[in-house]
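Working notes, beginning with the structure itself.
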Amino acid sequence: MNLRKLFAVVAMTIVVIAIAGATTIHIPDPLVVMESRDLQREADELIPRALAEAARRLDDYADIRIGGAARGAEVTIQLIVVESDSQPIVTMQLTSSSGAAGTYNYGSSWVPNTYQELAAGIVYLYLEYVEEIQPSGDPPELLSVLRLGSLYQVGLGPIGAGYPIGLAVDARGELLIAMNTYVVRVDRYYRELAKIGGRFLDRVESFAYRIFTSPSGEITTLGTGGTSIWRIPFDEAEPRAVPLPGNNVYGGALATDGSLVMLDPMRQVGLKASPDNSIEPINLMSNPYIFPQVIAAGPEATLWTWDAFENRIVIFDVDGNRIGGIIPLIPYEDRGSVNRLVPYSDGTFAIVTMDHLLKFDRSGRPEWSLPAQDVPGLGSFYGQTDVAFDPTTGIIYVLSSGQQVFQLLDVEYARRLGSIDPADLEILALTAQLGPGRNSPSVLKELARIYERLEAWELASDHWRLVDSFVPGDSEAEMGMRRADVEFTWREVVASINRAERSLKELGPANARPEYEKALQAIERLIHLVPGDEEALRQREDLQVLYAQAYKPLEIANIEIEELFPSLYQQYQAQPVGRVVVRNENETVANNVRVAVQLQQFMSAPWVSDALPVMTSGSSHEFEIRLPLESTVLHLTATMNNAPLTVTIQYELENTGREVVTVEAVVVHRNTALTWDDSGKLASFVIPTDTYVREFSSAFSVVDRTAGQWDISEKLLRAMRIADAVGSHGIEYIEDPQSGISLILGSASFVDSVNYPRTTLRYRQGDCDDTTALLCSLYESVSIGTAIMTSPGHVFMAFDTGEPTQQQWMFTSDQTIAIPYTGTLWLPVETTILHDGFQAAWEEGSRLVRSYGPDSGSSVPAGIPTDGDDQIEFLPVSEQRENYPELPDLPLSFDFSPPPDTLVSPLHATSIDGLQSTIYDDNVAELERSLRSQSDRQKLRTLNQLGVLHARFSQPRLAQSSFDDAIDLDPDYTTSYINLANLRIINDEPIEAIALLTEVTDRRPGSVLANLLLAQANQMLGNQSEAREFMVIVEDQAPELASQYPHLSGGAVGRASEAQANPILPWPVDEE
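If you read the sequence shown in my numbering, its first letter stands for residue 471, the second for the next number, and so on.
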């Protein structure tokens, strides 16, 4: 059965009728017809969540009623999903009483995030056919047009003019133009910065048909015919070929992790060239029927393709896993001619069609639309060779087949970045005056003058030449063109002299002669243009003198630099990372020898070694090297396997300063890379400031209503709910097959990669280090302290419950433990099984600690945080920050919503029941059994334990009875009075509590716990000075305990209901 017939079988009816106020949409129970039990199970999970997600997204537009009868409502949505050839098929058809109707087909295979795609389909139909959403903003304005002939008139040798075919913008906002046989780098005013191509600058080689640039700055090109890709780590480097299988690759996308993914439409396959240049196939088909024809790199290492059948953007990760999609509200007439996707770094995006350039927000709502006919001189986007966007300025570059680059400014975007350059506003106004013909000499002159003022000589020259074409012989235009020619020639002179000087210093006079002669020729051309120019004459004389006095340079005998990791940048401030060996082969002594090193954009200034006063002839010296990287390296998202490290040897010969410069390729790993020789490095990936992390945790920061009545730490209850929310969200455990943690933990040799917490939330998969970083981040974002824990071949975590260590007995059972640390209890949690609920994760974490801790097999392992002889690590994140700061927060780049309460509540209810069973029910049953055979002295402790359990689980009468029984048994057992007083405090009876506590202090004035509770009771009464006096006693005898209650040493006054937000007060069971 073909696809058209398959979709005809399905019906998803959406009847939408506007009523007074908001539109109401009714969705009755869906009809799902599936032969496969697996697909039926997936449908049972995905469809309810899809409907809840659609309701959330449409909240601003309509009221949605899910399930049940319509009850007179004039809005209906009927979902019918069927299976064909093991493939779920969905058709969505919209009808309305107003006559609006539309259909959307969804035939993609189902993945964990399919619920979002189904929700997007419902939202799309409603917004497209009922709301009829229109663009909300103004389209970009034409800023400039450059004829590319102005870029390649100087210094190209035999390769000729080339032909512009591709564009890319790098992280610095510089434009790279692929000219087929070389690459030109220019700034935003088209001021030429470099011609790139290495040896190909001296011969014809069609290596630059398409061009891509990674966040690390590495350039990748695709050669003509699609037979090879070429890697260029930095401008001066030689292009390195990476052969491709076959010759049908026609386009691709360079993901932010450095992977180049290409399309081979003839064989219907994708090819992925990883940063290590390995080539492997990648599946980018969202369904078996459609191969994508358009691909682009999205933010955060994603790949965006255009599905021409479903008219949507399909988003993959760099391994080909589909993680979502966007259905843009694109006009019907443009859907069939999509030829470019231009994702922005914030997740918004532009689409290029034959006749329009359209911009959308992250959910696909239109922001603006620019018809090609509104761009003077462009006419149509059909046949345009490339489009590139500069996120640093808001400029969109459009390369036309007429060898022109159109510069469009997204004014609204630029204003959101900050103020727009006044020169740009001036240029925009003048460009608008030019009109479609661009034939106003007076306006062209004004623009040329502005460009000269900006030293944008390429644009100035182009505009003067246009004036000359309209008004031949115009004297002002002739003078302007001459000024531009002089400027271009000066550039060639400076570049030629620099090359000649470098050759003299690095190679000596014999090898430097070709560059020396080229530099003299360039100077002579300049003198011909500007006869008698004193600066040009002086440059010629200085170069001749320098060449005549040239010595053999010092030799760099060896350079060794270790691989660098962004997360370790603070350590690099003080620790050596390599060495440079320098040798003096001159017959004379070299003095004041230094080594200076600088690593591209990650150091604001070179690091310079101490000077070696004397280096005798024939001697060598080894210099230790440091690389004090700046925090900007934390933003590196792609490994730089050939990062250019500039090494300069500075020295003196015959009292004349000299230097030798070389560029050494070093490895700088992406910010998510680490080795596991120090497990504390994982702290860098605990990112509580991430916006998605904070939104997720804040959605579940309110504790369960029943548990909230208990006298249990709010930190613990909040941590449980967040863990259950993660479990309900559904994160599949997948160990990295290339670097599984079980194989590399403790090793400095293998490089692993840890996901950003937001990535784990979005992809809904990860290994133990990914899920540990996620849960730690979520907890830290709501002020719950966390610790990284490791056992052999595994990573998990623990969190600070805020419960006093005196309560360790409550949290210890056959299946669970609590770790005492700095006065509070920490619970170990296994993060890869959160789908089973918090209780199961706590029990598994406890099992790991018992199995590998210092007292393996003991019910209560001791010394976990401090014992270094066991196989367990306990590393509080806060203590790792000095060496391993958190990675920077990233901008918003995708739509995300936490799971709805309806999905979380069942799992969380199970966890609450489990907590009550473990801490209360099981303990009470065991303690009551033990009472039958205990002595009176033993019963005192047991009765207090029972009373504490009853008090803390909202059973005040039973608690009162237990404490009274203990007091009757031994009136001198002061622990019973302290606990009874604590019961009064949580019941908001501070006066009664003070009376009980006074009985204790009359007998034992120095009782730490009695004074602590007296401070709490007095603060509840507003007696701040008295509370402070009692805290002085506590601070003197138990400073660590006192530090946990800062609110009693001068904090805000409040009664018990407010005090519950403060740390839990101790409930002792033994005498102090």
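The C-beta atom is built at its ideal place from N, Cα and C for all residues, glycine as well.
In this text, all values refer to a predicted model and were calculated from it rather than measured experimentally.
C-alpha gap between V1252 and S1171, whole angstroms
Taking the first residue of the sequence shown as 1, we reach residue 1252 at position 782. Taking the first residue of the sequence shown as 1, we reach residue 1171 at position 701. Each residue's CA atom was taken as its position, placing V1252 and S1171 some 8 Å apart.
Taking the alpha-carbon positions, what's the P427 to L724 distance?
Because the chain here runs from 471 to 1542, residue 427 falls outside it and cannot be looked at.
C-alpha gap between T493 and N1225, whole angstroms
The sequence position of residue 493 within the sequence shown is 23, counting from 1. The sequence position of residue 1225 within the sequence shown is 755, counting from 1. Between T493 and N1225, the C-alpha separation is close to 41 Å.
Using the three-state DSSP reduction, which class does E1542 fall into: helix, strand or coil?
On the sequence shown, residue 1542 is found 1072 positions in, with the first residue counted as 1. Looking at E1542 - three-state DSSP - the assignment turns out to be coil, as it is neither helix nor strand.
Bridge partners of A1268, per DSSP?
As a working mapping, residue 1268 is identified with position 798 in the sequence shown. Answer is A1257, P1298, bridged to A1268.
What is the rounded straight-line gap between the Cα of S686 and the Cα of R655?
Taking the first residue of the sequence shown as position 1, residue 686 is located at position 216. Taking the first residue of the sequence shown as position 1, residue 655 is located at position 185. Whole-angstrom Cα-Cα distance: 16 Å.
Under 7 Å Cβ to Cβ from S1446, same chain only, skipping five residues before and after it: list those, please.
Start at 1 with the first residue of the sequence shown, and residue 1446 comes out as number 976. Within the same chain, and ignoring the five residues on either side of S1446 in sequence, the residues whose Cβ sits closer than 7 Å to its Cβ are N1414, F1433, A1436, I1437.
Starting from R701, trace the alpha helix (DSSP H) in both directions and tell me its first and last residue.
Here residue 701 corresponds to residue number 231 of the sequence shown, with the count starting at 1. For R701, there is no enclosing alpha helix (DSSP H); the residue is part of the beta strand (DSSP E) that begins and ends at 698–702.
If you draw a straight line from the C-alpha of A1311 to the C-alpha of E1300, how long is it?
Here residue 1311 refers to the residue found at position 841 when the sequence shown is read from its first residue. Here residue 1300 refers to the residue found at position 830 when the sequence shown is read from its first residue. Rounded to whole angstroms, A1311 and E1300 show a C-alpha spacing of 5 Å.
Report the partner residues of Q557 according to the DSSP bridge assignment.
In the sequence shown, the residue the question calls residue 557 occupies position 87. Among the bridge pairs identified by DSSP, Q557 is matched with S554.
Can you have a look at H998 and say buried or exposed, based on whether 16 or more other CB atoms are within 10 angstroms of its CB?
To locate residue 998, count along the sequence shown from 1; it is residue 528. So H998 ends up on the exposed side.
Out of H933, L1410, E962, state which residue places its alpha-carbon closest to the alpha-carbon of E948.
Taking the first residue of the sequence shown as position 1, residue 948 is located at position 478. Across the set H933, L1410, E962, the C-alpha of H933 shows the shortest separation from the C-alpha of E948.
How about I783 and R792: are their beta carbons less than 9 Å apart?
The residue given as residue 783 occupies position 313 in the sequence shown. The residue given as residue 792 occupies position 322 in the sequence shown. No, Cβ-Cβ distance for I783 and R792 is not below 9 Å.
Mind checking Y802: buried by the 16 CB within 10 Å criterion, or exposed?
For the purposes of this step, residue 802 is taken as residue 332 along the sequence shown, with counting starting at 1. In the assembly as shown, Y802 is an exposed residue. Its beta-carbon has fewer than 16 other beta-carbons within 10 Å.
With DSSP as the reference, label W776 as helix, strand or coil.
Your numbering for residue 776 matches position 306 in the sequence shown. Here DSSP, grouped into helix, strand and coil, assigns W776 to strand.
For a test of the three-state rule: what should DSSP assign to V784, helix, strand or coil?
The count along the sequence shown starts at 1 and reaches residue 784 at position 314. When secondary structure is reduced to three states using DSSP, V784 falls in the strand class.
Bridge partners - A743, DSSP secondary structure assignment:
Along the sequence shown, one-based indexing puts residue 743 at 273. In the DSSP output, where bridge partners are listed per residue, A743 has L730, I749.
Spatial neighbours of G636 within its chain, please: C-beta separation below 6 Å, excluding the five flanking residues on both sides.
On the sequence shown, position 166 is the one that residue 636 refers to. Non-local C-beta neighbours of G636 in its own chain, meaning closer than 6 Å and more than five positions away in sequence, comprise A648, R680, I681, D856, ordered along the chain.
Just the C-alpha distance for E611 and V875, rounded to the nearest angstrom, thanks.
If you number the sequence shown from 1, residue 611 lands on position 141. If you number the sequence shown from 1, residue 875 lands on position 405. If I take the Cα positions, the gap works out to 14 Å.
Span of the beta strand (DSSP E) holding Y720?
In the sequence shown, residue 720 corresponds to position 250, counting from 1. Taken as a continuous stretch (DSSP letters only), Y720 belongs to no beta strand (DSSP E), as it is neither H nor E.
Look at the alpha carbon of E1124 and the alpha carbon of N1056, and state the distance between them as a whole number of angstroms.
Here residue 1124 refers to the residue found at position 654 of the sequence shown. Here residue 1056 refers to the residue found at position 586 of the sequence shown. Cα-Cα distance, rounded: 11 Å.
At what residues does the alpha helix (DSSP H) containing V1052 begin and finish?
Locating residue 1052 in the sequence shown gives position 582, where the first residue counts as 1. Counted as a single uninterrupted DSSP element, the stretch harbouring V1052 is not any alpha helix (DSSP H) but the beta strand (DSSP E) occupying residues 1048–1053.
Could you tell me the alpha carbon to alpha carbon distance between Q1486 and G1236, rounded to whole angstroms?
For this step, residue 1486 is matched to residue 1016 along the sequence shown. For this step, residue 1236 is matched to residue 766 along the sequence shown. So the two alpha carbons sit approximately 45 Å from each other.
On the DSSP bridge assignment, give the partners of V1067 in chain order.
Translated into the one-based positions of the sequence shown, residue 1067 becomes position 597. As computed with DSSP, V1067 is found in a beta bridge with W1077, V1117.
Same chain, Cβ closer than 6 Å to V1330, neighbours up to 5 away in sequence not counted:
For the purposes of this step, residue 1330 is taken as residue 860 along the sequence shown, with counting starting at 1. For V1330, the predicted structure reports a pLDDT of 49, less than 50, and the residue's modelled location is therefore unreliable. A value from the coordinates is still provided. Contacts found: T1282.
What residues in its chain sit with their C-beta under 7 Å from that of Y1350, if we drop five residues either side in the sequence?
By 1-based counting over the sequence shown, the position of residue 1350 is 880. First, the residue type needs correcting, since residue 1350 is Gln and not Tyr in the sequence shown. If we look at Q1350 and ignore the five residues flanking it on each side, its Cβ neighbours are G1150, A1153.
Residue burial classification, I629 (beta-carbon count within 10 angstroms, cutoff 16)
Stepping through the sequence shown from its first residue, residue 629 is reached at position 159. Note that I629 scores a pLDDT of 42, beneath 50, so its modelled location is shaky; the value from the coordinates is reported in the next line. Looking at its Cβ environment, which holds 16 or more other Cβ atoms inside 10 Å, I629 is buried.
Assess, as a yes-or-no matter, whether the stretch 1502–1522 is touched by the stretch 1452–1463 under the definition of 3 or more beta carbon pairs within less than 8 Å.
No, they do not touch.
Name the one or two DSSP bridge partners that R617 has.
On the sequence shown, position 147 is the one that residue 617 refers to. Bridge partners of R617: Q874.
By the DSSP assignment, the beta strand (DSSP E) with Y921 in it spans what residues?
Translated into the one-based positions of the sequence shown, residue 921 becomes position 451. No beta strand (DSSP E) contains Y921, which is instead part of the alpha helix (DSSP H) from 911–923.
Contacts around V1504, its chain only, beta-carbon distance under 6 Å, and the 5 residues preceding and following it disregarded:
What you label residue 1504 is simply residue 1034 of the sequence shown in a count that begins at 1. Around V1504: V1478, N1481, L1482, A1512.
To the nearest whole angstrom, what separates the beta carbons of P836 and Q604, a pair I think is in contact under 8 Å?
Taking the first residue of the sequence shown as 1, we reach residue 836 at position 366. Taking the first residue of the sequence shown as 1, we reach residue 604 at position 134. Separation of the CB atoms of P836 and Q604 is rounded to 7 Å, and the pair is thereby assigned contact status at 8 Å.
Taking Cβ to Cβ, would you say A1113 is nearer than 9 Å to Q1070?
Here the question's residue 1113 lines up with position 643 in the sequence shown. Here the question's residue 1070 lines up with position 600 in the sequence shown. Against a cut-off of 9 Å, the Cβ pair of Q1070 and A1113 comes out as a contact.
Measure the alpha-carbon distance for L1104 versus G695 and round it to whole angstroms.
Looking up residue 1104 in the sequence shown gives position 634. Looking up residue 695 in the sequence shown gives position 225. Within the model, the alpha-carbon separation for L1104 versus G695 is close to 37 Å.
Since I believe D727 is in contact with A778 (beta carbons under 8 Å), could you give me their beta-carbon distance rounded to a whole number of angstroms?
As a first step, residue 778 is located in the sequence shown; it is residue number 308 there, counting from the start. As a first step, residue 727 is located in the sequence shown; it is residue number 257 there, counting from the start. Rounded to whole angstroms, the Cβ separation of A778 and D727 is 27 Å, and the two are not in contact under 8 Å.
Spatially closest choice to R1422 from P1441, N1393, T1256, by CA coordinates
On the sequence shown, residue 1422 is found 952 positions in, with the first residue counted as 1. Comparing alpha-carbon positions, the option among P1441, N1393, T1256 lying closest to R1422 turns out to be N1393.
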